[in-house]
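Protein chains in written order, with the numbering used here: chain Z, 87 to 306; chain V, 16 to 478; chain A, 18 to 274.
Structure below.
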């Protein structure tokens, strides 16, 4: 089917074009803006305006987090026993685990589970669940924060149907504003707010698309 | 008398499609409004501030572009500049060729729709797969997205089921759960076999060089976790000044686009993977794309460059609801498209000349826009520009004659007095516009001059 | 959309711009405007040479033609007195549209001055003269359509304040209040299918509230909606809110004759 994209401009020598593309574009930007008598200033705005105040009014950050994560169909658990019961009930017994947590969790999950800290990307469907460490959380939105430093394998957190993020409760930020301030030098930080979802087909909400269908925060 | 293409499209729209679009847009709009104002009683103030921030950026792109480039490079990102769609596509291909890469998975990015990247790559022997569920369905269907955020808002599950069957993705099954699971299973291996992951960027922060990607499905994340090279195609206008501006824009974006507080995945990227992370790209590229944006920047419609592609204007627009996205025959439909598409089309503007006119100027779009773009004003400017360049379009009542009449009081008053004749003229003999009016509406009885007469003849008022 | 400036003149000596639609079709709405303003103690001057605010040509993109009409209007309404307009769209044209199309014109200053004196009627009554309660009585269930050109102004709220304060009036809520009626000026004839679709949808929502009368501050919206309704054989009663205000006074025996 014919595209609706933009037709190409008349051909110019291609290597000349690419070499000068930066200068050409910046030059045209300068020219475009030269007509403005003055430039719109950057407004000085109060950071508190970007906080949904009534959602975080409760002083207890954990209580806010619990409430908000439920609203996005995420789950919060506070003990490995809880996790074990949930996984067993769902029939997920084989999973990937962050090597740092492996020894402890193997013991705490108990029998009936098979954990590995080797993630084989040629066998991603072998792993019913993945357990990795969270870098933090956000109470205001019920969000789990992952980053490259603390996530042992990005694929280990994303591809299994169930993802369990181990989240120390003192790492939960109250607001998005706080969490943005804490964006460190880690080159990849991802805020995970509930299980993956889509509403592309007739607006019907389906959970578990390309990412997990179950997103758990194990708050410790 | 023929009607404009958009009006004609609306008239012939299948009831099923009309109902799907109407229902979806109405629900999302109403949910957006409730959520936004529930969480932020002064939400309109937030929209104003966000608008000022974006206007500041576009009016200072001469400073911000070099600034963000420098930061990106310092973070280990390779920066490219693409003036045209062809340049942008070629830049992607060059990166792939250098890596001997033949497979690319792409997340949703409207810029790549503008440049028709997939078509170009396929022509050049690259396997290019859409991974966003809606875009994937558009791709296998050889269709076009009809909404910026909800590509298949115009499709029913039945139509999707038929497509899946036709494309070897299982026997007919129109259960959305089944369809989604089939897509999940099919695409999982594709990510892992691909060499390159391509995304757009919702924001690029100048101060930190941070790219921000806002998604729900996990396809963007999977593309970046499974492949070794990340290419981001980014319109030059996507810059934000500082990290501190992010909470404001993120709060507005998800609520405006999908009536969510936050989308499932909000990813902040400042470079290739950390060296201790096994998964993810070793190499990262950002291609800054012009493709007509700089011309828009030079025009008096530059405010449209504030757009953060949320789709809220589409969802509230009564014209979009009646006509649906394909009526706009361009990458960007709805109110934003009515401004942006003709401008980006450059010399092809006349083909899309009906877009700026497809509006009653109701202003609902401006009222929901998270960056407060004065869309009706921009539509009016485009109408002025179009009229000056190309004259009035067919069916427009003659304004020149009207303006002469309306600047000559004697003639005006005479017309008022005599216009009563219109009460007696058969419809078939009426001038075009009046006849068109009466195709679907009656006219009230003519009362020209009655008010003036009353005013003149009333007994003198005693105070 | 178009926020009128905060420092428009307030005075009981006013100029009235009747609007071309009232001039041609809705004489009683204009008449009611006069009666209502006089009840409030205003002295109204009606410059005979007035014609139109210039909006039709402006919306069509024929700005040179529109400017010709606006210049005529500026001449006719010369002075400093407030200009009262019983139409949100005509008021918006003067307040917002005219300055926009005169951006690059030499006489921009004069037009800005004109625009700074324009008041939509309800806005003037409530926010200019400070009248928030309307006397008299009017027994009816009213569906109030906030016209799109009152977006960004106080007019919609002002009209609601006045109407809901009248003894006997019940303002009925109806769905999709933010959706345009579909008139849009020449849009109504250049996009006839969509215009009708929008109008039909509006009528559906209004009818579901079972009002006695559909009221607005814009005669154009009412003309479009009542025209559609009548054409399909299901006429509805429509009134400009000025007529409700005037009739309330009449019913209360408060209208000087």
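Glycine included, each C-beta is placed from N, C-alpha and C at the ideal position.
Legend entry - Rounded separation between residue 398/V and residue 314/V - CA only: Spanning the two alpha carbons is a distance of roughly 14 Å.
Inset, instruction - State the start and end residues of the unbroken beta strand (DSSP E) segment that holds residue 233/Z. - result: Unbroken beta strand (DSSP E) run through residue 233/Z: 229-233.
Inset, instruction - With 8 Å as the threshold, decide whether the Cβ of residue 274/V is near any Cβ in chain A. - result: With 8 Å as the cut-off, residue 274/V does not count as an interface residue toward chain A.
Inset, instruction - Quick one: list the residues of chain B neighbouring residue 251/A, beta-carbon separation under 9 Å, in chain order. - result: Checking the listed chains, one finds no chain B in this structure; the protein chains it contains are Z, V and A.
Legend entry - Rounded straight-line distance, which links the Cα of residue 210/V to that of residue 195/Z: Take the alpha-carbon of residue 195/Z and the one of residue 210/V: they are about 37 Å apart.
Inset, instruction - Kindly indicate if chain A contains any beta-carbon less than 8 Å away from that of residue 415/V. - result: Interface residue, yes.
Legend entry - Interface flag, residue 329/V vs chain A, CB-CB below 8 Å: Not one chain A Cβ lies under 8 Å of residue 329/V.
Inset, instruction - For the alpha helix (DSSP H) containing residue 207/A, list its first residue and its last residue. - result: Looking at the DSSP string, the run of the alpha helix (DSSP H) that includes residue 207/A is 204-207.
Inset, instruction - Could you check if residue 254/A is buried or exposed, using at least 16 other CB atoms within 10 Å of its CB as the buried criterion? - result: Exposed: under 16 other Cβ atoms inside 10 Å.
Legend entry - Within the segment 209-265 of chain Z, ranges of the beta strand (DSSP E) (whole runs, at least 3 residues): Within the segment 209-265 of chain Z, complete beta strand (DSSP E) segments of at least 3 residues are found at 215-219, 222-224, 229-233 and 248-253, given in chain order.
Inset, instruction - Look at the alpha carbon of residue 259/Z and the alpha carbon of residue 279/V, and state the distance between them as a whole number of angstroms. - result: Residue 259/Z and residue 279/V: Cα-Cα distance of roughly 17 Å.
Inset, instruction - Measure the C-alpha to C-alpha separation of residue 384/V and residue 348/V and round it to an integer number of angstroms. - result: Answer to the nearest angstrom: the Cα atoms are 15 Å apart.
Legend entry - Identity of the residues DSSP links to residue 33/A by a beta bridge: Paired residue(s): 101/A.
Legend entry - Cβ shell of residue 375/V (< 8 Å), same chain only, five flanking positions each side left out: Take residue 375/V, set aside five residues on each side of it, and the residues of its chain with a beta-carbon closer than 8 Å to its own are 333 and 334, in chain order.
Inset, instruction - On a CA-only basis, which of 31/V, 35/V, 51/V and 71/V is nearest residue 119/Z? Give me that one, please. - result: The shortest C-alpha to C-alpha distance from residue 119/Z to any of 31/V, 35/V, 51/V and 71/V is the one to 71/V.
Inset, instruction - Determine the closest residue to residue 28/A out of 166/A, 268/A, 122/A and 147/A, with distance taken between C-alpha atoms. - result: Out of 166/A, 268/A, 122/A and 147/A, 147/A has the C-alpha closest to the C-alpha of residue 28/A.
Inset, instruction - Kindly indicate if chain A contains any beta-carbon less than 8 Å away from that of residue 380/V. - result: Using a CB distance cut-off of 8 Å, residue 380/V does not count as an interface residue toward chain A.
Legend entry - Ordered list of beta strand (DSSP E) runs contained in the segment 33-103 of chain V, each at least 3 residues: As far as the segment 33-103 of chain V is concerned, its whole beta strand (DSSP E) runs of at least 3 residues are 93-97.
Inset, instruction - Go through the segment 94-173 of chain A residue by residue and report every complete run of the alpha helix (DSSP H) that reaches 4 residues or more, in order. - result: Complete alpha helix (DSSP H) runs here, min 4: 105-109, 115-118 and 125-132.
Legend entry - Counted within 10 angstroms of its Cβ, other Cβ atoms place residue 111/A as buried (16 or more) or exposed: So residue 111/A ends up on the buried side.
Inset, instruction - Assign residue 147/Z to one of two classes, buried (16 or more other C-beta atoms within 10 Å of its C-beta) or exposed (fewer than that). - result: Residue 147/Z is buried by the Cβ-count criterion.
Legend entry - Proximal residues to residue 295/Z (C-beta, below 8 Å), its chain only, five neighbours per side dropped: The answer, listed in chain order, is 282, 283 and 284.
Inset, instruction - Would you check if the distance between the CB atom of residue 128/Z and the CB atom of residue 256/V is smaller than 8 Å? - result: Judged by beta-carbon spacing, residue 256/V lies within the 8 Å limit of residue 128/Z, meaning their Cβ atoms are closer than that value.
Inset, instruction - Check whether the Cβ atoms of residue 250/Z and residue 205/Z sit closer than 8 Å, and answer yes or no. - result: Against a cut-off of 8 Å, the Cβ pair of residue 205/Z and residue 250/Z comes out as no contact.
Legend entry - DSSP-derived helix/strand/coil call for residue 245/V: Three-state DSSP puts residue 245/V in a strand.
Legend entry - Closer than 8 Å to chain Z by CB, residue 298/V: Not one chain Z Cβ lies under 8 Å of residue 298/V.
Inset, instruction - For residue 264/A, name the three-state secondary structure that DSSP assigns. - result: Assignment of residue 264/A by DSSP, reduced to helix, strand and coil, places it in the helix class.
Inset, instruction - Within 10 angstroms of the Cβ of residue 121/Z, are there 16 or more other Cβ atoms? Answer buried if so, exposed if not. - result: A residue is called buried once 16 or more other Cβ atoms fall within 10 Å of its Cβ, and residue 121/Z, having fewer, is exposed.
Inset, instruction - List in chain order: all unbroken beta strand (DSSP E) runs of 3+ residues lying wholly within the segment 266-304 of chain Z. - result: Segments of the beta strand (DSSP E) lying fully in the segment 266-304 of chain Z: 274-278.
Inset, instruction - State the beta-bridge partners of residue 200/Z as determined by DSSP. - result: Note: residue 200/Z sits in a beta bridge opposite 180/Z.
Inset, instruction - Say whether chain Z places a C-beta atom closer than 8 Å to the C-beta of residue 24/V. - result: Cβ-Cβ to chain Z under 8 Å: no for residue 24/V.
Legend entry - Near-chain V residues of the segment 275-297 of chain Z - C-beta to any C-beta below 8 Å: Residues passing the 8 Å Cβ filter: 275, 276, 277, 278, 279, 280, 281, 282, 283, 284, 285, 286, 287, 288, 289, 290, 292, 294, 295, 296 and 297.
Legend entry - 8 Å Cβ shell around residue 35/A - same chain, five flanking residues per side excluded: Excluding its 5 nearest sequence neighbours in each direction, residue 35/A has C-beta neighbours in its own chain below 8 Å: 47, 50, 63, 67 and 103, listed in chain order.
Legend entry - Closest Cα partner of residue 106/A within the set 265/A, 189/A, 215/A and 39/A: For the options 265/A, 189/A, 215/A and 39/A, the alpha carbon positioned closest to that of residue 106/A is the one of 39/A.
Legend entry - Per DSSP, the bridge partner or partners of residue 118/V: BP columns for residue 118/V point to 142/V.
Inset, instruction - Kindly provide the ranges of any alpha helix (DSSP H) runs that are 4 or more residues long and lie completely inside the segment 97-172 of chain Z, ordered along the chain. - result: Counting only runs that start and end inside the segment 97-172 of chain Z, the alpha helix (DSSP H) elements of at least 4 residues fall at 100-120 and 147-157.
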